[in-house]
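K.L.:
All letters in the sequence shown, in the order written, are residues -22 to -1, 1 to 165 by mature numbering (1 follows the signal peptide of the UniProt record, and there is no 0).
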Amino acid sequence: MQTMRFFVMLTSAVTFLFVVDAQAPAATPNYNCTNIITKLTVPEKDPCTNTTAYANLGACSEFMNGTLDTPSSECCSSVDAVWSKSPACFCKVTFFSKFAEPGPERAILRPQLCNLNADLCSICPTYLIEKREHRFKRLNTASVVTVSVIVTLVVVGSIMLVRHIRKKVALKKTESSKTFVPHFNNV
């Protein structure tokens, strides 16, 4: 009997926690992922090409340029629309804003202020690529090592070839001086 009462109370407590948790508002995502995003860049093919993203996000211009402290409802509607239709483009305009100050900071705040419940720090890197300068640094190091090895082999090979040729020439000179009988001695 006591065991049954314990299970009933435990079940009630767990049910209560699920109900309370279900009613709690979703936590606003934290978009402080600049350490990840700064290592990435937008692909050469602009993800905003052939989209209406820029036109839609025009509703956010007053917020982006600092005229409004919070995005308007029209702005937030356009944020939702662009995110749902063109997430790669949305990532570009959020993390790689071309606006003058305070635009770049506001571009990152805009999804939070519009209650966009998406983990942009996890999703956006899938649409971005590693910055080329990082790849070229590795490539340049490998190229320098490769070229250095090739040049070293060519120089060492050339030195060995010159020595070999000099030895042959010296050997021929000594052989020819031994077998050479002056013409005037026989006369």
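Beta carbons: idealized from backbone N, C-alpha and C, even for Gly.
So, using beta-carbon positions, are Val71 and Asn34 closer together than 8 Å?
P.N.:
No, they are not a contact pair.
K.L.:
Considering Cα atoms alone, identify which of Leu139, Cys38, Thr124 is closest to Pro89.
P.N.:
Minimum Cα distance to Pro89 is reached at Cys38.
K.L.:
Straight-line CA distance for Pro82 to Ser126?
P.N.:
One C-alpha to the other measures close to 44 Å.
K.L.:
Contact check, Thr19 vs Ile128 under 8 Å by CB: the rounded distance?
P.N.:
Their Cβ separation, rounded to whole angstroms, is 32 Å, which puts Thr19 and Ile128 out of contact at 8 Å.
K.L.:
Given a threshold of 16 other Cβ atoms within 10 Å of its Cβ, counted over all protein chains shown, does Pro25 qualify as buried or as exposed?
P.N.:
Buried is the call here.
K.L.:
Go ahead and pull the three-state DSSP assignment for Thr19.
P.N.:
Of the three classes helix, strand and coil, the one that applies to Thr19 here is strand, per DSSP.
K.L.:
Give the secondary structure of Glu108 by DSSP, where H, G and I count as helix, E and B as strand, and everything else as coil.
P.N.:
Three-state DSSP puts Glu108 in a strand.
K.L.:
Cα-Cα, which of Val133, Val134, Ser62, Cys67 is closest to Glu22?
P.N.:
Among Val133, Val134, Ser62, Cys67, the Cα nearest to that of Glu22 belongs to Cys67.
K.L.:
How about Pro65 and Cys92: are their beta carbons less than 8 Å apart?
P.N.:
The answer is no: Cβ separation not under 8 Å.
K.L.:
Should Leu94 be labelled buried (16 or more other beta-carbon atoms within 10 Å of its own) or exposed?
P.N.:
Burial call: buried.
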